[in-house]
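Chains as they are written, first to last, in my numbering: chain A, 1 to 276; chain C, 277 to 804. What follows is a single structure, written as structure tokens, with notes after it.
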């Protein structure tokens, strides 16, 4: 279950153009040290350390408001931390943002896309922003759109896409510059099971070819099934991390998570809400 | 139910003001402005009341018509529509469409603008006291007039954002409506003109106001006066016009709302052919080209951007109004310079319109100067041709071809200077804007007084930096010196290019440091 090579489809699931370059070093894909972020009185991330090995499929789980999105925003150069550092394959994100961002493919949660553009325009735009040549952009955009089953909708403005299609086109944008690390914030939220399975295949192909994936999710089942590593965070702190088997022990990840985080209570809800 | 909705409205206002002191300052300035207008109206109407009754009733009709036009046009050009009570937000509650409309109208009446309008219209009794019949009629007619103000404003906004099913057709209709409004503006020129020359051409004024009094904007205000002088028939007919206006507006709004509550105007499919990349297939494949293509796509297709462009054709009309319709004078011939000025500050807060999609820009690690340059090229591709067209057309209409070099030089100089200033300001400043696809009229909460201050600072900066080219242009217009004209022609673009270069470099450095903070602010607007 935790060995991706057992379940992964052949790496050919990902077009050649966007397979990550082979690792040339043994540095971790992401190394977070002492990360802190405060919003006014509230501390969203309180001294977080995290090490994501290269080539891993890493799950980041935590309750609502745990600081997952904040952490990932800081790790991808979208939100300036108050303290601490983030290194992507050894490159400091906040000292060398341009170099670091070239290594990252990012699917951020809770942000819009330039949704007036068509799917094809959006992927092309992203490729152009990374300075790919026109031919490269065209090939990769066509490949990615095909692999995401979006060929039919390539000419439709993204604003008219369903939630699942929007996630898929975001993923295509995140992949177009062949990053070494994919950071996906809630990639499966409001995605239908078929699309989710397709996305999962693509991600497995990506890790099998040497890329690293970090996903944040609310779904423990999904993380237990897909990821080989997991980190549990709550209230901006790391509660547990390691391989999925190390973290869950003999329990399911769901039960282990509830143990770690707490807050589960058994109530039937207020009297007036009962229908009989 | 309506009372509950109103209570929510005031609670929202209170919470917004409590959250940000700068917004409170802005709100207080708004109130002071409203009080000042009321004072002016009171003094004006008091003195008008002491004049000949014919003049007085014309003045009331004209003022009422301007008031209604203001309610309809104001949201388009300046204030935006207050969406605290948005139909989309009210839809989940158990309200009928009519209840919803009553609630929204009541909300409009109890805002600063609504209260000011009510008080101002009550001030017309300063005129009507002299004629008891008119005063009695006004008890009915004034409320109708005030209601027309609010309902017309809502209906026009709703229509512009909601006609038809498809997004493209809706946007097209919205744009046509804007265009109509612009070309209806000469009407305002007529009014201002007539008022200006009222003393010596009283007769013409009377005729003009009589014509206005038969239109939907004037009828309600004219009825009491007509009754007072005994023209019962015209009074009744005008009363019918007013009531019918209110009825038709209400009906249009009702229909629009019934349709938009069940099918919110957002889904439609305007496909492009696969492989058709638009500007993305034309621009060079690098960060500047990508930003240029995206910016140009927005400036040519997104209603929120197109709305901003409206100020460009409106600027010469504004000058025409101030110069009392004198199209052959030097002021109108120079109005291209004003167009250039407005064109330059169009993108003063360009990043705002990205919304949180700005994250896409940020995560590509684009260098600040490339972003600044791409955005400037995008807006320039649209604005510069428009400025040149405006220059040529205004100069041609004025018949002052001798001024063309001066106007071209100064206007393009100001445009480029404005772009330079904007390249810096838009790396500092984001303001709340309607989300893509929303009505471009929508007023979005969260703008604060400091944002307006920055905006006016940009204006002032552009004007000061532009002086070396404005001054020779003005000199040539008033002295006929062609040397000064060619000086303006030469200095404008060169100075503009220098300011733009400095702006892109400074703004780029600022953008590199400030990008994440801009995204945080944009996210907070989204939550607002």
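Think of the CB as a built atom: it goes at the ideal place given N, C-alpha and C, for glycine as much as any other residue.
Next item on the list: Could you tell me the boundaries of the beta strand (DSSP E) in which residue 191 of chain A lies?
Entry: Note, residue 191 of chain A: premise wrong, no beta strand (DSSP E); not H, not E.
Next item on the list: Could you tell me how far apart the beta carbons of residue 625 of chain C and residue 706 of chain C are, in whole angstroms, since I believe they sit closer than 8 Å?
Entry: 6 Å
Notebook entry, point to check: If you drop the 5 nearest sequence neighbours on each side, which residues of the same chain put their C-beta closer than 6 Å to that of residue 282 of chain C?
Noted result: 382
Next item on the list: Name, please, each residue of chain C whose Cβ falls closer than 7 Å to the Cβ of residue 187 of chain A.
Entry: In chain order: nothing, as chain C lies at least about 15 Å away.
Checklist line | Contact list for residue 193 of chain A against chain C, beta-carbon separation under 9 Å | finding: None at all; the shortest Cβ gap to chain C is about 23 Å.
Margin query: Taking 7 Å as the limit between beta carbons, can you name the residues of its chain near residue 103 of chain A, skipping five residues before and five after?
Written below: 88, 89, 91, 179, 180 and 181
Margin query: Measuring straight from C-alpha to C-alpha, what distance separates residue 292 of chain C and residue 708 of chain C?
Written below: 14 Å
Check: Quick one: what's residue 88 of chain A bridged to in DSSP?
Finding: A/30 and A/91
Notebook entry, point to check: If we cut at 7 Å on Cβ distances, does residue 635 of chain C have a partner in chain A?
Noted result: yes
Note to self: Assess contact between the region 41-58 of chain A and the region 199-218 of chain A, defined as three or more Cβ pairs (one per stretch) separated by less than 8 Å. Is contact present?
What the structure shows: yes
Notebook entry, point to check: Are the beta-carbon atoms of residue 769 of chain C and residue 644 of chain C separated by less than 7 Å?
Noted result: no
Check: Who are the Cβ neighbours of residue 759 of chain C in its own chain at under 7 Å, not counting the five residues just before and after it?
Finding: none
Margin query: Against residue 124 of chain A, what residues of chain C qualify as contacts under a CB-to-CB distance less than 7 Å, listed in chain order?
Written below: 553 and 556
Margin query: On a Cα-Cα basis, can you pick out the residue from C/370, C/346, C/410 and C/483 that is closest to residue 424 of chain C?
Written below: C/346
Check: Do you know whose CA, among C/702, C/783 and C/679, lies nearest residue 761 of chain C's CA?
Finding: C/679
Margin query: List, from N- to C-terminal side, the alpha helix (DSSP H) runs of 4 residues or more that fit wholly inside the region 394-445 of chain C.
Written below: 401-404 and 408-438
Margin query: Which of the three DSSP states is assigned to residue 105 of chain A in this structure?
Written below: strand
Check: Helix, strand or coil: which one does DSSP assign to residue 267 of chain A?
Finding: coil
Notebook entry, point to check: When burial is assigned at 16 or more other CB atoms within 10 Å of the CB, is residue 787 of chain C buried or exposed?
Noted result: buried
Checklist line | Environment of residue 39 of chain A [buried if 16+ CB atoms lie within 10 Å] | finding: exposed
Item checked: Pairwise C-alpha distance: residue 505 of chain C and residue 278 of chain C -> 40 Å
Notebook entry, point to check: According to a CB-to-CB cut-off of less than 8 Å, which residues of the region 60-93 of chain A neighbour chain C?
Noted result: 76, 77, 78, 79 and 80
Next item on the list: Using a Cβ cut-off of 8 Å, pull out every chain C residue sitting near residue 108 of chain A, in sequence order please.
Entry: 635 and 639
Check: Going by Cα to Cα distance, which pick from C/527, C/319, C/727 and C/566 is closest to residue 122 of chain A?
Finding: C/566
Check: Thinking just about the alpha-carbon of each residue, which of A/162, A/93, A/145 and A/63 is nearest to the one in residue 263 of chain A?
Finding: A/63
Check: Ordered along the chain, which non-local residues of its own chain (more than five positions away) have a Cβ less than 8 Å from that of residue 704 of chain C?
Finding: 730, 786 and 790
Note to self: Please tell me whether residue 363 of chain C and residue 522 of chain C are closer than 7 Å, where the distance is taken between their beta carbons.
What the structure shows: no
Item checked: Option in C/286, C/564, C/588 and C/324 with minimal Cα separation from residue 405 of chain C -> C/324
Checklist line | Member of A/195, A/131 and A/113 whose CA lies at the smallest distance from the CA of residue 98 of chain A | finding: A/131
Checklist line | Close Cβ partners of residue 379 of chain C (< 8 Å) along its chain, the five nearest in sequence each way excluded | finding: 277, 278, 281, 282, 361, 366 and 371
Notebook entry, point to check: For residue 161 of chain A, which of helix, strand or coil comes out of DSSP?
Noted result: coil
Next item on the list: Let me know the secondary structure DSSP gives residue 274 of chain A once reduced to three states.
Entry: coil
Notebook entry, point to check: Where DSSP assigns a beta bridge to residue 39 of chain A, which residues make up the other side?
Noted result: A/42
Next item on the list: Could you tell me whether the Cβ atoms of residue 215 of chain A and residue 184 of chain A are closer together than 7 Å?
Entry: yes
Next item on the list: May I ask which residues mark the beginning and end of the beta strand (DSSP E) holding residue 364 of chain C?
Entry: Note, residue 364 of chain C: premise wrong, no beta strand (DSSP E); alpha helix (DSSP H) at 363-366.
Next item on the list: Evaluate the contact criterion for the region 196-206 of chain A versus the region 233-247 of chain A: three or more CB pairs, one atom per stretch, below 8 Å.
Entry: no
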